[in-house]
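2 protein chains.
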Amino acid sequence: MNIVLSRDAQVKIMEMTVSNAEKYFGQFCSVLASYTRKTAKLRDKADELVKYLIDFANTENPELRTALKNMADELAKIQDYRHAQVERLETKVVNPMKSYGSLIKDKRAEIKKFNSVRNREIKELEKLEKLRHRAPSDRHIISQAESSVQKASVDAARTTHQLEETIDHFQMQKIKDIQKMFSDFLTVEMIFHARSLEVFTNAFQNLQECDLGKDIEDFRSKIHIKTSNEDVRSLQATNLSSNATWQASSMSVQSTLQRHQEVEEDSFEESEEEDDDDYEDHRRAEYATLRK
Amino acid sequence: MNIVLSRDAQVKIMEMTVSNAEKYFGQFCSVLASYTRKTAKLRDKADELVKYLIDFANTENPELRTALKNMADELAKIQDYRHAQVERLETKVVNPMKSYGSLIKDKRAEIKKFNSVRNREIKELEKLEKLRHRAPSDRHIISQAESSVQKASVDAARTTHQLEETIDHFQMQKIKDIQKMFSDFLTVEMIFHARSLEVFTNAFQNLQECDLGKDIEDFRSKIHIKTSNEDVRSLQATNLSSNATWQASSMSVQSTLQRHQEVEEDSFEESEEEDDDDYEDHRRAEYATLRK
Chain D
48 MNIVLSRDAQ
58 VKIMEMTVSN
68 AEKYFGQFCS
78 VLASYTRKTA
88 KLRDKADELV
98 KYLIDFANTE
108 NPELRTALKN
118 MADELAKIQD
128 YRHAQVERLE
138 TKVVNPMKSY
148 GSLIKDKRAE
158 IKKFNSVRNR
168 EIKELEKLEK
178 LRHRAPSDRH
188 IISQAESSVQ
198 KASVDAARTT
208 HQLEETIDHF
218 QMQKIKDIQK
228 MFSDFLTVEM
238 IFHARSLEVF
248 TNAFQNLQEC
258 DLGKDIEDFR
268 SKIHIKTSNE
278 DVRSLQATNL
288 SSNATWQASS
298 MSVQSTLQRH
308 QEVEEDSFEE
318 SEEEDDDDYE
328 DHRRAEYATL
338 RK
Chain V
48 MNIVLSRDAQ
58 VKIMEMTVSN
68 AEKYFGQFCS
78 VLASYTRKTA
88 KLRDKADELV
98 KYLIDFANTE
108 NPELRTALKN
118 MADELAKIQD
128 YRHAQVERLE
138 TKVVNPMKSY
148 GSLIKDKRAE
158 IKKFNSVRNR
168 EIKELEKLEK
178 LRHRAPSDRH
188 IISQAESSVQ
198 KASVDAARTT
208 HQLEETIDHF
218 QMQKIKDIQK
228 MFSDFLTVEM
238 IFHARSLEVF
248 TNAFQNLQEC
258 DLGKDIEDFR
268 SKIHIKTSNE
278 DVRSLQATNL
288 SSNATWQASS
298 MSVQSTLQRH
308 QEVEEDSFEE
318 SEEEDDDDYE
328 DHRRAEYATL
338 RK
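Have a look at this one:
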């Protein structure tokens, strides 16, 4: 009977092994899939930032414009790495974790099969026991029952042995896979962080080197005109003598303002469209490279 | 009149400067806030993974248990860095970006003030023009109008100069702040990636060193019992002579199974609760350290 007892304890451990795998692999799969999706969302947000940076850069003077565009390029590079990270997490971590679902189902089926064999053994044992109570002297019938018990026990022993081998193999595979999957997870993250660190460092140095003084001079030259009071007075003294001049000037103020506005609106729309195309082309080219 | 023309072009540039700042700082603020929130969500997901890893580790044999718990600790450390990253992004990037909202509003008000002064100048010019058409010989009234034009022009020149200085200062501050905010953004990211890389590398090495062979031996010793057919037969031969033994055994099978189940369920719940506490304490301690 010690065999039945220790066999039950043994099978209990095996059942726990499979149940735990089911529970925790399920949790790992779902949390890692979610982690991957959130990483993809972070990539998308940073992509938006890249787009805004390029748009904004186009409204600034040369030094800052170049610096911001360079930074946008570096940030886009990091998003390409992040995209590769997302794809690798899916392929190397989430999918292998997911595939455990059907493997665990198989093991459950084998345990179920074992349990039915074990129940038959217990039933035969109970039958034998009853016979010994009711007909202790009927050696023939008891001997038959003993033989059935023995047969059921041999079956149970064989199935236990099979199950033992199956679960042993499952456990070995499982812990190897866990080590492999999390090693892959850590590798994917390491690669991403190493590359990002490099690119961020580059971007930082470039941004530091940007000479804002030049841009300020550029800006000043655009908004500054000579408007001292003497200039205003002398200009008025010469102009006040002619009506025609005032009228012509008054008209040209309006048309200049209109033209000015039109030009600026057009160039802004154009530059935005160009950026979009450049940006998409850039991303597609980068992804194509990554896929190779 | 050239003054009015170039002044309009000049103010147009200043208006564009403020409008662009409003548009792009608004976009930066919203996309960076969203980027920060998504980073926080990634931290939360990784925190979940840490929790599951510890729970799962507690169901495994010593080598893998230790390896997974160490890895969970390292992952938790990275989430503490990520938490610091989130806080720094808010403090050093999103909030300064946000504060530009009211600054831009002030600049808009100054441009509006300038425009009203400029409109007064144009009105005075138009008035003078009309008078010269209607009463070209009334020197007194024309002289009065000329004096009003001159006064309005001086006002406009002064306001232009003020606006010029204000916008010059705004632009200088703005490009400095852009450089500062994005340098801070890059620094926060660099620090996070550098630390993460270090910790992930550690975690990877630890996981590689884990000796799974030992765990497999441990597991085998738990699920393996001697169940050769000879053992089964010899055990039956000695036991079949006593009814009492069978009965007692049969009862003990049931009670042992029940006890076994209870113990396992209890210990599982306990270990889960303990982990929760450990985990929370750990996080709280870590955050407290970070806050110091």
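Chains as they are written, first to last, in the working numbering: chain D, 48 to 339; chain V, 48 to 339. Even for Gly, the Cβ is constructed at its ideal location relative to N, Cα and C.
CB contact below 8 Å: residue i versus chain V
i	result
E168 (chain D)	no
V78 (chain D)	yes
A131 (chain D)	no
N67 (chain D)	yes
D215 (chain D)	yes
E95 (chain D)	yes
Q255 (chain D)	yes
L150 (chain D)	no
Y82 (chain D)	yes
A241 (chain D)	yes
The ligand NAP heavy atom lying under 7 Å from the CB of residue i
i	result
S230 (chain D)	This structure lacks the ligand NAP, and indeed carries no ligand of any kind.
Residue i classed as buried or exposed, judged by whether at least 16 other C-beta atoms fall within 10 angstroms
i	result
A187 (chain V)	The sequence given here has His at residue 187 (chain V), not Ala. Result: exposed.
D185 (chain D)	exposed
H130 (chain D)	buried
A182 (chain D)	exposed
H216 (chain D)	exposed
R54 (chain V)	buried
Q57 (chain D)	buried
A250 (chain V)	buried
K223 (chain V)	exposed
H240 (chain V)	buried
A291 (chain V)	Because A291 (chain V) carries a pLDDT of 35, less than 50, the predicted location of this residue cannot be relied on, and no value is offered for it.
R267 (chain D)	exposed
E121 (chain D)	buried
D153 (chain V)	exposed
A156 (chain V)	exposed
Q197 (chain D)	buried
K159 (chain V)	exposed
K261 (chain D)	exposed
is_contact[residue i, chain D] using C-beta, thresh 8 Å
i	result
K269 (chain V)	yes
Y71 (chain V)	yes
D258 (chain V)	no
L178 (chain V)	no
Y147 (chain V)	no
M144 (chain V)	no
M118 (chain V)	yes
D262 (chain V)	yes
A199 (chain V)	no
Y99 (chain V)	yes
Residue i in three-state terms, based on DSSP
i	result
P143 (chain D)	helix
C76 (chain V)	helix
D185 (chain V)	coil
D258 (chain D)	coil
Y99 (chain D)	helix
T86 (chain V)	helix
H271 (chain V)	coil
E107 (chain D)	coil
Among the options, nearest to residue i - alpha-carbon criterion
i	options	result
R242 (chain V)	V:K124, V:R155, V:T64	V:K124
N142 (chain D)	D:M228, D:K70, D:K170	D:M228
T206 (chain D)	V:D215, V:H271, V:A68	V:H271
K88 (chain D)	V:V133, V:A93, V:Y82	V:Y82
A93 (chain D)	D:E69, D:Q126, D:L111, D:E121	D:Q126
A199 (chain D)	D:D224, D:L172, D:I225, D:T213	D:L172
E236 (chain V)	D:E236, D:G73, D:K98, D:L244	D:L244
D202 (chain V)	V:I225, V:S230, V:R165, V:S194	V:R165
H208 (chain D)	D:F161, D:P109, D:E62, D:L111	D:F161
E137 (chain D)	D:D258, D:L79, D:Y147	D:L79
I60 (chain D)	V:N253, V:A156, V:E107, V:E62	V:E107
L233 (chain D)	D:K98, D:K70, D:R135	D:R135
Y147 (chain D)	D:K261, D:Q74, D:E264	D:Q74
E168 (chain V)	V:Q252, V:A156, V:K269, V:S194	V:S194
I238 (chain D)	D:V133, D:L111, D:L96	D:V133
A192 (chain D)	D:R179, D:L175, D:H180	D:L175
F72 (chain D)	D:E211, D:V140, D:L254	D:V140
Interface flag, residue i vs chain A, CB-CB below 8 Å
i	result
T248 (chain V)	In the structure shown, chain A cannot be found, because the protein chains are D and V.
Cβ distance (whole Å) where residue i is taken to contact residue j below 8 Å
i	j	result
C76 (chain D)	K145 (chain D)	5 Å
T64 (chain D)	Q218 (chain D)	6 Å
I151 (chain V)	A68 (chain V)	6 Å
I101 (chain V)	K85 (chain V)	Contact doesn't hold; Cβ gap of about 25 Å is too wide.
C257 (chain V)	A114 (chain V)	4 Å
L96 (chain V)	L259 (chain V)	Not really, about 21 Å apart at Cβ, beyond 8 Å.
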